[in-house]
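Q:
Residue numbers (our numbering): 5 to 95.
#1: So for residue 52, helix, strand or coil by DSSP?
#2: What does the Cβ neighbour count give for residue 24, buried or exposed, with the cut at 16 atoms within 10 Å?
#3: For residue 65, is the classification buried or exposed, using 16 other Cβ atoms within 10 angstroms of its Cβ as the cut-off for buried?
#4: Quick one: residues in its chain with C-beta nearer than 7 Å to the C-beta of residue 13, no 5 flanking neighbours on either side, listed in chain order?
#5: Should residue 46 go down as buried or exposed, given a rule of 16 or more other Cβ atoms within 10 Å for buried?
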């Protein structure tokens, strides 16, 4: 989404208070524009795929060996609960 630069949310600077983040009104938090969301793979668009957990993605990508192995490794070490599009704290 160009409006939120793919973040799915917008930052409102509060100056003397901590910043507040609100869901992007353009993409509704999906992070992509409508044109991109119209493209599907096996019945799911990119936003739906990124909402999957590693464990769910194992079955979805079982026919793509390279990706399946990486997902399997994550699942085997106990990270199957993580969503594929889960943001991380990079501070």
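For every residue, glycine included, the Cβ atom is placed at its ideal position computed from N, Cα and C.
A: In this structure, then:
#1: helix
#2: exposed
#3: buried
#4: 25, 26, 27, 28 and 33
#5: exposed
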